[in-house]
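**Student:** For reference, the structure I am asking about is given below.
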Amino acid sequence: MKLFGTPQSRGFALLAVSVALAASACTPSPGGSAAPSTSGTASTSTQATPTPSSSASGSTASPETTTFTETPAPAPDATATVNALVPGFPAQLIPVMPNTSIRSSSVDKSAAVATVALVGTVKAPPEGVVDYYKTSMEAQGFKLVPGPSAVGNVTSLDFIRGDGETVNVSVRQKEGVSTFTIGANVAAGSVK
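Residue numbers (our numbering): 6 to 197.
Have a look at this one:
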C-alpha cells in the first residue's frame, strides 16, 4: 500500500480533524442551550437530533424526510471549567496544593455518588505532591489502598473511605513541573 504525504503532514491533518470535531461538539445546536439557566426555577433544555425516515407521497418514489428526536441536555448539577476552580468545587474535600496552577476542574453532583476532578501543575517533585495529598486524604478518613504506586513514569495512589468512596491521585513530572490529576467518587453529601 502506498501512503501519500509525510508522516508529519498526516499528523497535522489528523490534529486538524480532531480539533474540528471537538469544536463542533462544543458548539450548541440552533435549538439547544449554550449555558445553564440561572433562574430559580428548574428548566430542561433539549437538543434536536435528525433521524431519517421515509414517507410515501405520491405514486412513485418516496422522498427522504428528516424528523427530530429530543436528547436531554447535561445535568444542571454538572459543571466544569478550565484554568480555574469551578464554582462549588469542594476545596475542603480536595484541597488545592499551594502554588498550584489549576488546569481544569469539574464537579458532578447529579447522582447519589458525586464525581470531582482536578488537574493542576506545580513546580515540585512528584513525591511532594504525593505526600501533600496522602496527608490530606488520610486526615479525612481515606485509607491508602496497598499496591504498586508507579506505572512507568506516573506515580498513582488510590484511596478508599467508608462504603465505596474513592480518590485517585496521579502525578507525572516533566522538566521540573509535576502535573497531577485527582479524581474522586464520593457520597454527594461529602461535596460541600
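No residue lacks a Cβ here, since even glycine has one placed at the ideal position from N, Cα and C.
From a predicted model like this one, the values you see are computed outputs, not experimental measurements.
Starting from Asp163, trace the alpha helix (DSSP H) both ways and give me its first and last residue.
**Tutor:** Looking at the DSSP string, Asp163 is not in any alpha helix (DSSP H); the run it does join, the beta strand (DSSP E), is 159 to 166.
**Student:** Just how far apart, CA to CA, sit Tyr137 and Ser109?
**Tutor:** Distance between the alpha carbons of Tyr137 and Ser109: 19 Å.
**Student:** Helix, strand or coil: which one does DSSP assign to Lys148?
**Tutor:** Correct three-state label for Lys148: strand.
**Student:** Keeping to the same chain, check which residues put their C-beta closer than 6 Å to that of Ser141; ignore five residues upstream and five downstream.
**Tutor:** Same-chain partners within the cutoff: Pro100.
**Student:** Alpha carbon to alpha carbon, how far is Ala117 from Gly133? Give it in angstroms, no decimals.
**Tutor:** Approximately 33 Å, taken between the alpha carbons.
**Student:** Return the residue from the list Val159, Gly181, Asp113 that minimises the CA-CA distance to Ala193.
**Tutor:** Measuring from the Cα of Ala193, the nearest candidate turns out to be Asp113.
**Student:** Where does the unbroken beta strand (DSSP E) through Ile187 begin, and where does it stop?
**Tutor:** Ile187 -> beta strand (DSSP E) spans 182 to 192.
**Student:** With respect to the beta strand (DSSP E) encompassing Thr105, which residues constitute its N-terminal and C-terminal limits?
**Tutor:** Looking at the DSSP string, Thr105 is not in any beta strand (DSSP E), and its letter there is neither H nor E.
**Student:** For Gly133, which of helix, strand or coil comes out of DSSP?
**Tutor:** Three-state DSSP puts Gly133 in a helix.
**Student:** I'd like the list of long-range same chain contacts for Thr32, defined as Cβ closer than 6 Å, with 5 residues on each side in sequence excluded.
**Tutor:** Its pLDDT being 36, under 50, Thr32 is placed unreliably in this model, and the value from its coordinates should be taken loosely. Around Thr32: no qualifying Cβ.
**Student:** Mapping the DSSP letters down to three states, classify Lys179 as helix, strand or coil.
**Tutor:** The answer is strand: DSSP assigns Lys179 an E or B state.
**Student:** Secondary structure at Gln52, three-state DSSP: helix, strand or coil?
**Tutor:** Note that Gln52 scores 41 on pLDDT, short of 50, meaning its location in the model is unreliable; the coordinates nonetheless yield the value given after this. Correct three-state label for Gln52: strand.
**Student:** Which first and last residues belong to the beta strand (DSSP E) in which Ala85 is found?
**Tutor:** Start and end: 83 to 87.
**Student:** For a test of the three-state rule: what should DSSP assign to Ser115, helix, strand or coil?
**Tutor:** Ser115 falls in the coil class under three-state DSSP.
**Student:** Could you name the residues that DSSP lists as bridge partners for Leu123?
**Tutor:** The partner list for Leu123 (beta bridge, DSSP) reads Ser110, Ile187.
**Student:** Can you give me the Cβ contacts of Ile165 inside the same chain, cut-off strictly under 7 Å, excluding the 5 residues immediately before and after it?
**Tutor:** So the list reads Phe147, Lys148, Val150, Thr171, once near-sequence residues are dropped.
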